[in-house]
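Below is one structure, written out as C-alpha cells; the observations come after it.
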Amino acid sequence: MTKNEKKKVLIVDDAQFTRNMLKNIINKIEQIEVIGEASNGVEAISLYKKLNPDLVTMDLVMPEKGGIEATEEILKLNSKALIVVVSALGQ
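For the sequence shown, the working numbering gives the first residue as 330, with consecutive numbering after it.
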C-alpha cells in the first residue's frame with residue numbers, strides 16, 4: 330500500500346441506522362473509505378472475499394448468520410483479518 334492509498338473498511342450491521350452512523354463517522358477521516366456494507370453475516374463473508382477490506386466493523390446479533398460465526402469464517406479465510414466488534418444491544 331502506498332502512502333496515498335486509503336484504508337478500506339467493510340461495515341457489517343443489520344441496522345441501517347447504525348451502518349449510516351458508522352459510515353458518516355468513517356467518511357470524516359481522510360485516510361479511510363467505506364468500500365461496502367453488509368446487513369448480515371452471510372453478506373459479510375461474501376463481500377469480504379470480493380472486496381478484501383483492511384478493516385471490518387462487525388455487529389454481533391444479526392439474521393441468517395451472526396457476527397461471531399461470520400468472524401470465525403473470515404478468520405479462516407485470512408487469519409490476519411482486522412475485525413472490530415461494534416454492537417448496540419437494547420433492553
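Idealized CB from N, CA, C, for every residue including glycine.
Item, Value
"Status (buried if at least 16 other CB within 10 Å, exposed otherwise) for isoleucine 354", "exposed"
"Cα-Cα separation between asparagine 369 and glutamine 360, rounded to whole angstroms", "26 Å"
"Leucine 411 versus isoleucine 403: straight-line alpha-carbon distance, rounded", "10 Å"
"Limits of the alpha helix (DSSP H) - the one that isoleucine 355 falls within", "345-356"
"Residue environment, proline 382, which counts as buried when at least 16 other CB atoms sit within 10 Å", "buried"
"Per-residue DSSP class, three states only, for leucine 406", "helix"
"Chain-order list of residues whose beta-carbon lies under 7 Å from that of lysine 336 (same chain, five-residue window excluded)", "Gln360, Ile361, Asp383, Leu384"
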